[in-house]
Amino acid sequence: MHSHNDDAKYMADIKDGAPEMVSAFFGFDKAVFTKDTGNLDLATRELIAVGVAVTTQCPFCIEDHAKRAVRAGASKADVAEAVMVAAALRAGAGVTHGWKAMKSITADE
Numbered sequence: 212m213h214s215h216n217d218d219a220k221y222m223a224d225i226k227d228g229a230p231e232m233v234s235a236f237f238g239f240d241k242a243v244f245t246k247d248t249g250n251l252d253l254a255t256r257e258l259i260a261v262g263v264a265v266t267t268q269c270p271f272c273i274e275d276h277a278k279r280a281v282r283a284g285a286s287k288a289d290v291a292e293a294v295m296v297a298a299a300l301r302a303g304a305g306v307t308h309g310w311k312a313m314k315s316i317t318a319d320e
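For the sequence shown, our numbering assigns the number 212 to the initial residue and increments by one for each residue that follows.
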């Protein structure tokens with residue numbers, strides 16, 4: 212795990228090495244999280260981001276998007292529900308990947 216605050220200074224190195232790509236990334240991110248764009252309202256998009264961040268286990272994204280979701284109008288309960296939806300998907304994936312374990316030992320019978 213790294214310290215986000217201490218390590219953020221290295222973003223300059225990424226920008227120096229791939230300026231067009233970094234610009235495109237930030238442009239894309241801005242487009243996705245602009246208030247008046249798309250069919251989903253901003254709070255919904257931020258709640259999706261919370262769920263994805265929980266499943267990818269990015270602590271910085273979790274914190275940032277949870278705060279942004281609330282600023283966009285989501286409630287604390289909405290954020291909790293997004294977390295639990297993500298947890299259910301993650302748990303479901305664990306179970307379905309368990310099928311591989313069962314298949315591997317069944318094939319040997």
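All C-beta atoms in this analysis are idealised placements derived from N, C-alpha and C, irrespective of residue type, glycine included.
- A distance below 6 Å between beta-carbons, with the five flanking residues on each side excluded, links Glu257 to the following residues of its chain, in chain order: His276, Arg279, Ala280, Ala283.
- Here the alpha carbon of Ala302 sits roughly 17 Å from the alpha carbon of Cys269.
- Per the Cβ contact rule, the region 252-267 is not in contact with the region 228-240 (fewer than 3 Cβ pairs under 8 Å).
- Taking the Cα of Val263 as reference, the smallest distance to any Cα among Ala288, Thr248, Val294 is reached at Val294.
- Here the C-alpha atom of Lys314 lies approximately 16 Å from the C-alpha atom of Ala304.
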